[in-house]
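Asker:
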Amino acid sequence: MFVAILDVVIGGLIMGGIYALIAVGLSLQYGVGRVLNISHGEFIMLGAFSTWSLYTIFGISPLVSLVICGPVMFIIGFLIHRALFQYLRGKSESIGAFADSSLLASFGLLFIIQNVALLLWKADIRGYSYLDSSVNILGAIFTANRLVALLFAVVISLAFYIFLTRTRLGKAIRAAAEDPATAQVMGVNIHRVLAICFGLGALMAGFAGPLISMMYEIQPTMGLEYTIIAIIVVVLGGLGSITGSLIGGFILGLIGSIVTYFDPGLSLIAYYVIFILLLLIRPTGIFGK
Amino acid sequence: MDRVRVSFKKHVPLGLLFVTFVLLATIPFYVQPYLVILLTTIFMYIIITVSWAIFSGPTRYISLASAAFFGVGVYASAILGKTLPLPIVIAFGGLVSFILALFIGLLTLRLRGMYFIIFTFGVSELIRHSLLWWEANITGTVGRWVVVVDHTTVYYVMLIIFVMALLITYLIRRSRLGLALRSIGEYEESAAHIGINVTALKTITFAISAFFMGAAGAIMATRWTYIDPHIAFSPLFSFMPVLMAIFGGTGQIYGPVLGAAVLAYLEEILTTKFPYYYMLLFGIILIVVILFLPHGLVGLVQRWRKGGSKRQNANA
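Chains as they are written, first to last, in our numbering: chain A, 22 to 310; chain B, 4 to 319.
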């Protein structure tokens, strides 16, 4: 019994760590920039496949790829915001209209990125084994790569939280999330901050991708599922609340792990049920105002 | 002279419409079966897009539940097709979708903007995954066979549903209902304030639009012959109508028709040979339209027409 509980809890934390990472990314993009980025999962997929290629072709460790993928995704995200969403934002008559049109534009990005990946990597399911020796924690057995993924997810989340709360740029981002117009009056370069936020969202996806590829099988169409999970976590934590997304990720991971213990086929259904009930009963989420 | 021109302007579109309709109604007699099947698929997309636009066009609520309504129709047909005659099966498919939409509409009354979009998407994904789980764990078989109907019949049923959907769109646009829906889209609070029963109108319109999607799903199932939750409730059926309607432009009735026809045709000719290139192109078109053609193809046509009439004036 004890081992089973430990199994479920640690398993939940592992999933939760990944969920928290990807949800924080989406939360930055939507909470600050008002872009509900449906192509978020595609950046995760790109990170996962780059890692797979680097590992299987050049033998580069996934943990090294992680350090490369994150910043590369940041640059791509930053440029996409500058080229696409900034222009769209300037053209939209209201912030609500911008939210709608940017959502649709991100659908376009999804189709583009996913199909480029399908052309590059084909539709096959891929996987590799890395750090797959098993580790015994008080009787519960996990592969080493999953524990490493959990460690990295927690460290990245904490580092990010400190960045947001302690640095000048972090403060500017939080100010922009509260009220873009006032932040601008206070001397925040709003376009730069929004582009950085979008880039940081992609950075989180770029970190999550390699970690996911270490643990699970990957394929070019995997992105949307992660995007949906990220959306559910963001709603759970409260749209716009970054701390909410961090905690929400771990909560959903634990719920998923408990449901999976009884019937693995039901976990996604449980997520949707939680999601729909939340929207009906408390659309502002657990930590929303 | 002026009067002649006015009546000319009025009657030419009507005449064109009539000729088009006669052409479409007689097409199976003189073209290859392949073309009939191609047109059936194009009509399926047009129906879903036009009925999506019945609700989402004027109210500006972006619904991503089309896959749910379409899929429910597909499943109704798969379950009842063996025992009931075709017209009843199709009406039933539409009716079940209608009821589902009433239910979803009543649930989502408080939700707006982004919340409405993700809620409708969540509902249709929940249905897809629940059905999949049900089939895998309770019935033990995933997927079903559907009674086959010959492709000319499928084509005519599609055509009838298409004409009905177009007619309803036209009637709603001209009625007080259409005006009320547009005012909801402009500013919902003030619409409610001037005495429009916002809740009831939104829900009933949502349900009407779902009826046609369900009916289209019910007839399409007979052409596919085999269906499972992934086919019937594919999220693409939620995304495509939005993209097709925006590509065409929702300002005019013919916008969604045009958008769906062009993209569905593109899909049909590209998808078998270059599936990835098609979706890639699709993504590029979508972004270009959102960036540079906010009113879609309709906006382009109108701009071109305006330019034309200006040139005429300059000549005179």
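In this text, a Cβ means the ideal position worked out from N, Cα and C, and glycines have one as well.
A quick note: this is a predicted structure, and the numbers were derived from the prediction, not measured.
Tell me, please, whether the CB atom of Ala180 of chain A is closer than 8 angstroms to any CB atom in chain B?
Answerer: No, Ala180 of chain A lies away from the interface with chain B (no Cβ there is under 8 angstroms from its Cβ).
Asker: Check Ala161 of chain A in the structure and name its three-state DSSP category.
Answerer: Strand, per DSSP.
Asker: Would the stretch 49-68 of chain B count as touching the stretch 199-219 of chain B if we require 3 or more Cβ pairs under 8 angstroms?
Answerer: These segments touch.
Asker: Can you give me the C-alpha to C-alpha distance between Met236 of chain A and Met47 of chain B, rounded to a whole angstrom?
Answerer: Each residue's alpha carbon lies about 41 angstroms from the other.
Asker: Note down, in chain order, every chain A residue with its Cβ under 9 angstroms from the Cβ of Val245 of chain B.
Answerer: Near Val245 of chain B (Cβ distances below 9 angstroms), the residues of chain A are Leu125 and Phe128.
Asker: Quick check on the DSSP output: the alpha helix (DSSP H) that includes Glu246 of chain A runs from which residue to which?
Answerer: Glu246 of chain A -> alpha helix (DSSP H) spans Gly244 to Gly258.
Asker: Would you check if the distance between the CB atom of Ser80 of chain B and the CB atom of Ala221 of chain B is smaller than 8 angstroms?
Answerer: Contact: yes.
Asker: Whose CA, out of B:Val291, B:Val157 and B:Tyr280, lies closest to the CA of Ala138 of chain A?
Answerer: Nearest C-alpha to Ala138 of chain A: B:Tyr280.
Asker: Find the nearest neighbour of Phe24 of chain B within the set B:Leu98, B:Asp231, B:Ile163 and B:Tyr190, judged by alpha-carbon distance.
Answerer: Per the Cα distances, B:Ile163.
Asker: Please classify Ile199 of chain B: does DSSP put it in a helix, a strand, or coil?
Answerer: Of the three classes helix, strand and coil, the one that applies to Ile199 of chain B here is coil, per DSSP.
Asker: Between which residues of its own chain and Leu27 of chain A is the CB-CB distance below 8 angstroms, once the five residues before and five after are set aside?
Answerer: These residues qualify, in order along the chain: Ile158, Leu159, Gly160 and Ala161.
Asker: Are the Cβ atoms of Ile116 of chain A and Glu63 of chain A separated by less than 8 angstroms?
Answerer: No, the Cβ-Cβ distance between Ile116 of chain A and Glu63 of chain A is not below 8 angstroms.
Asker: Going by the beta-carbon positions, is the gap between Leu47 of chain A and Ala180 of chain A smaller than 8 angstroms?
Answerer: No.
Asker: For Phe242 of chain B, return the contacting residues in chain A, with the cut-off set at a CB-CB distance below 8 angstroms.
Answerer: Within chain A, the residues near Phe242 of chain B are Phe128.
Asker: Taking CB distances under 8 angstroms as the criterion, tell me whether Phe296 of chain A reaches chain B.
Answerer: Chain B, which has a Cβ nearer than 8 angstroms to the Cβ of Phe296 of chain A, makes this yes.
Asker: At a CB-CB cut-off below 9 angstroms, which residues of chain A make contact with Tyr78 of chain B?
Answerer: None at all; the shortest Cβ gap to chain A is about 17 angstroms.
Asker: Quick one: complete beta strand (DSSP E) runs, 3+ long, within the stretch 98-141 of chain B?
Answerer: If we require 3 residues or more, the stretch 98-141 of chain B turns out to have no beta strand (DSSP E) run fully inside it.
Asker: Per DSSP, what kind of secondary structure is Val150 of chain B in: helix, strand or coil?
Answerer: Coil.
Asker: Can you check whether the C-beta of Tyr40 of chain A is within less than 8 angstroms of a C-beta belonging to chain B?
Answerer: Not an interface residue.
Asker: Can the beta-carbon of Tyr40 of chain A be found less than 8 angstroms from the beta-carbon of Leu221 of chain A?
Answerer: No, Cβ-Cβ distance for Tyr40 of chain A and Leu221 of chain A is not below 8 angstroms.
Asker: Could you have a look at Ile230 of chain B and say whether DSSP puts it in helix, strand or coil?
Answerer: Correct three-state label for Ile230 of chain B: strand.
Asker: The alpha helix (DSSP H) with Glu63 of chain A in it runs from where to where?
Answerer: That run of the alpha helix (DSSP H) goes His61 to Phe79.
Asker: Have a look at Glu114 of chain A and Ala213 of chain B and give me their C-alpha separation to the nearest angstrom.
Answerer: Using only the alpha carbons, I get a separation of about 30 angstroms.
Asker: Put Val75 of chain B into one of helix, strand or coil per three-state DSSP.
Answerer: If DSSP states are grouped into helix, strand and coil, Val75 of chain B belongs with the helices.
Asker: Looking at the structure shown, is Tyr167 of chain A part of a helix, part of a strand, or coil, going by DSSP?
Answerer: At residue 167 of chain A the sequence reads Arg, which differs from the Tyr that was named. Reduced to three states, the DSSP call for Arg167 of chain A is helix.
Asker: On a Cα-Cα basis, can you pick out the residue from B:Ile293, B:Ile30, B:Ile50 and B:Val150 that is closest to Leu170 of chain B?
Answerer: Residue B:Ile50 is the option with its Cα nearest to Leu170 of chain B.
Asker: Any beta carbon from chain A within less than 8 angstroms of Asn318 of chain B's own beta carbon?
Answerer: For Asn318 of chain B, the pLDDT reaches just 47, beneath the cut-off of 50, and the residue's location in the model is therefore unreliable, leaving the point undetermined.
Asker: On the CB-based measure, 16 or more other CB atoms within 10 Å of its CB, does Leu289 of chain A come out buried or exposed?
Answerer: Leu289 of chain A should be labelled buried.
Asker: Spell out a yes or no on whether the stretch 245-257 of chain B and the stretch 292-308 of chain B are touching, meaning 3 or more CB-CB pairs, one atom from each, closer than 8 angstroms.
Answerer: Verdict: yes, contact present.
Asker: Measuring straight from C-alpha to C-alpha, what distance separates Ala235 of chain B and Val85 of chain A?
Answerer: Rounded to the nearest angstrom, the two C-alpha atoms are 42 angstroms apart.
Asker: Could you tell me which residues DSSP pairs with Ile239 of chain A in its beta bridges?
Answerer: Bridge partners of Ile239 of chain A: A:Arg147.
Asker: Note down, in chain order, each residue of its chain lying with its Cβ closer than 7 angstroms to the Cβ of Ile59 of chain A, except the 5 sequence neighbours on either side.
Answerer: Cβ within range, chain order: Leu124, Ser127, Phe128, Leu131 and Thr248.
Asker: Throw me the rounded Cβ distance for the Phe72 of chain B and Met223 of chain B pair, which I believe falls under 8 angstroms.
Answerer: Incorrect: roughly 12 angstroms between the Cβ atoms, too far for contact.
Asker: For the alpha helix (DSSP H) holding Asp28 of chain A, just list the boundary residues, first then last.
Answerer: Asp28 of chain A -> alpha helix (DSSP H) spans Phe23 to Ser48.
Asker: Mind checking whether Ser178 of chain A and Leu299 of chain A have CB atoms under 8 angstroms apart?
Answerer: Cβ distance not < 8 angstroms, so Ser178 of chain A and Leu299 of chain A don't count as in contact.
Asker: Compare the Cα-Cα distances from Tyr151 of chain A to each of A:Phe173, A:Thr77, A:Tyr108 and A:Val209 and report the closest residue.
Answerer: Comparing Cα-Cα distances from Tyr151 of chain A to each of A:Phe173, A:Thr77, A:Tyr108 and A:Val209, the minimum goes to A:Thr77.
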